[in-house]
Each structure stands twice: as structure tokens, then as C-alpha cells.
Amino acid sequence: MEEFLDFLQWPAMAVSLYAAFMIGSKNARKRIFGFWMFILSNVMWIVWGLHDEAWALISLQVALMAMNIRGIFKNESPG
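Each residue of the sequence shown is one higher than the one before, counting from 3 in the numbering used here.
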């Protein structure tokens with residue numbers, strides 16, 4: 003389990019980059035998907051932060067998650 007948690011920062015970083023790419027889209031569905039991917043990365047970073055006792059990172063991810071949830075609701079409705 004320790005090795006998995008140590009490794010988790012790498013997929014969290016990859017998901018964060020993918021999410022940033024997706025929210026730059028002109029397509030509302032892709033942007034909303036990007037916000038969901040950011041939320042997934044927030045959860046991954048929080049899990050890694052708990053393992054590493056990185057309290058500032060955890061606080062940042064909670065705040066960013068709130069902004070990502072806001073982004074989902076403020077985004078143009080697909081359709």
C-alpha cells in the first residue's frame with residue numbers, strides 16, 4: 003500500500019494536466035468533463051497529501067475542488 007500511495011502523485015499529476023487541457027475546450031461538454039477530471043485529481047492529491055502529511059496541499063485541493071464544483075454549475079449547459 004505504501005508504494006501505491008507513493009506512486010499516486012504521478013497519475014494525479016497526469017489527470018490534472020488532462021483536466022486543464024479539457025477545460026480549455028470551446029465545447030461545453032468537454033469543459034464539464036474537464037472539471038470532473040479536476041475533481042478526480044483533487045481527490046487523488048488529497049489521498050496522497052494525507053499519506054505524506056502535506057496539510058497545505060490538502061487545503062489547496064479542497065479549495066480547488068470547491069472551485070471546480072462551481073465551474074461545473076457555472077458552465078454553459080450542453081445541448
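All C-beta atoms, glycine included, are put in the ideal place defined by N, C-alpha and C.
For SER61, the number of other beta carbons within 10 angstroms of its own is below 16, and it is reported as exposed.
For SER61, the enclosing alpha helix (DSSP H) stretches over residues 57–76.
Only residues of its own chain outside the window of five on either side were considered, and among them ARG33, GLY36 have a CB closer than 8 Å to the CB of SER27, listed in chain order.
Per DSSP, reduced to three states, the secondary structure at SER18 is helical. Taking the Cα of GLN63 as reference, the smallest distance to any Cα among VAL49, ALA16, ALA22, PRO13 is reached at VAL49.
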